[in-house]
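K.L.:
Numbering (the working numbering), first residue to last: 3 to 233.
C-beta: ideal position from N, C-alpha, C; glycine also.
Got a structure for you, written out below as structure tokens; questions coming shortly.
Now the structure itself:
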């Protein structure tokens, strides 16, 4: 493991320094191992780890390349990690969403185009039509929030919030809302966000998004408390 860690650190340093920029092809394994003064097995394992982290792209029969290093690639694993979190730490995820999502929504109010607002209106109508179907609501809810944050043009922020808004977390919230006949109320919160965005009101968009995240967090607490009571 120590040799593998050394190889990871050295390859990462080469990427960070620009010696291996995005899209660059790594030297063949024997040459790379000799260049770094490490064993081929250590380099091989390091490449596997960095491939999993989406830093490297191993193309069989062609070679190993540095990826684009785009945030959507490097932060892709965040969603997988959130899916594996235990119930108590899911509430911490909601807290992070409460910090980031309202600010992102406020920024979107200044940057969304009319065409993007029209797309959002269409998603909202789909949500209304699916008010009693948790699976469809999860899909349209994900699309709604992704569309809003993506219009900020900030790929890092979009990737972070996409990762934090995992399917498992959304499913727990929406199923709790449907069972309590509160789904329609939450859909109206999405409508309030849409109206604030349509009016280009940054502060109102922030406030509407904050209210919505607070509602989701409150229902998640309810669902988790009910689960704990059953155990």
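Express the C-alpha separation of residue 44 and residue 108 in angstroms, rounding to a whole number.
P.N.:
Sequence index remark: in the chain shown, residue 108 carries index 106 (1-based). Sequence index remark: in the chain shown, residue 44 carries index 42 (1-based). Rounded to whole angstroms, residue 108 to residue 44 spans 47 Å at the Cα level.
K.L.:
Within 8 Å, do at least three Cβ pairs link the region 162 to 178 to the region 193 to 206?
P.N.:
no
K.L.:
Can you tell me whether residue 37 is buried or exposed, with buried defined as 16 or more other CB within 10 angstroms of its CB?
P.N.:
Translated into the one-based positions of the chain shown, residue 37 becomes position 35. Counting Cβ neighbours within 10 Å, residue 37 comes out exposed, since fewer than 16 surround it.
K.L.:
Report the CB separation of residue 150 from residue 218 in whole angstroms; it is logged as a contact under 8 Å.
P.N.:
Here residue 150 is taken as the residue at index 148 of the chain shown, counted from 1. Here residue 218 is taken as the residue at index 216 of the chain shown, counted from 1. Residue 150 to residue 218, Cβ: 14 Å. No contact.
K.L.:
So what's residue 65 in DSSP terms, helix, strand or just coil?
P.N.:
To locate residue 65, count along the chain shown from 1; it is residue 63. Here residue 65 sits in strand by DSSP.
K.L.:
So what does residue 59 bridge to, in DSSP terms?
P.N.:
The residue given as residue 59 occupies position 57 in the chain shown. In DSSP, residue 59 forms a bridge with 67.
K.L.:
Where does residue 88 fall in DSSP's three states?
P.N.:
Taking the first residue of the chain shown as 1, we reach residue 88 at position 86. Coil at residue 88, not helix or strand.
K.L.:
For the region 145 to 171, which segments carrying the alpha helix (DSSP H) assignment without a break, of at least 4 residues, lie completely within its bounds, in sequence order?
P.N.:
157 to 166
K.L.:
Taking C-beta to C-beta, are residue 76 and residue 95 nearer than 9 Å?
P.N.:
Indexing the chain shown from 1 puts residue 76 at position 74. Indexing the chain shown from 1 puts residue 95 at position 93. No, Cβ-Cβ distance for residue 76 and residue 95 is not below 9 Å.
K.L.:
Going by the beta-carbon positions, is the gap between residue 31 and residue 46 smaller than 9 Å?
P.N.:
Numbered from its first residue, the chain shown carries residue 31 at position 29. Numbered from its first residue, the chain shown carries residue 46 at position 44. Contact: yes.
K.L.:
To the nearest angstrom, how far is the alpha carbon of residue 51 from that of residue 156?
P.N.:
By 1-based counting over the chain shown, the position of residue 51 is 49. By 1-based counting over the chain shown, the position of residue 156 is 154. Going by the C-alpha atoms only, they are around 27 Å apart.
K.L.:
Helix, strand or coil, according to DSSP, for residue 27 in the structure here?
P.N.:
Mapped onto the chain shown, residue 27 falls at position 25. The answer is strand: DSSP assigns residue 27 an E or B state.
K.L.:
Decide yes or no for the touch test of the region 126 to 138 against the region 174 to 190: beta carbon pairs closer than 8 Å, at least 3 of them.
P.N.:
Output reads yes: the region 174 to 190 touches the region 126 to 138.
K.L.:
What are the boundary residues of the alpha helix (DSSP H) that residue 182 is part of?
P.N.:
For the purposes of this step, residue 182 is identified with residue 180 of the chain shown, where counting begins at 1. No alpha helix (DSSP H) holds residue 182; DSSP gives it neither H nor E.
K.L.:
For residue 6, which of helix, strand or coil comes out of DSSP?
P.N.:
Counting from 1 along the chain shown, the entry for residue 6 is found at position 4. Look at residue 6 here: in three-state DSSP terms it is helix.
K.L.:
Count Cβ pairs between the region 72 to 86 and the region 120 to 130 that sit closer than 8 Å; are there 3 or more?
P.N.:
no
K.L.:
To which residues of the same chain is residue 72 closer than 7 Å at the C-beta, ignoring the five residues directly before and after it?
P.N.:
Taking the chain shown and counting its residues from 1, the one referred to as residue 72 is at position 70. The answer, listed in chain order, is 157.
K.L.:
DSSP three-state call for residue 78: helix, strand or coil?
P.N.:
Stepping through the chain shown from its first residue, residue 78 is reached at position 76. In this structure, residue 78 counts as coil in the three-state DSSP scheme.
K.L.:
For residue 211 and residue 98, what's the separation of their Cα atoms in angstroms?
P.N.:
The residue given as residue 211 occupies position 209 in the chain shown. The residue given as residue 98 occupies position 96 in the chain shown. So the two alpha carbons sit approximately 13 Å from each other.
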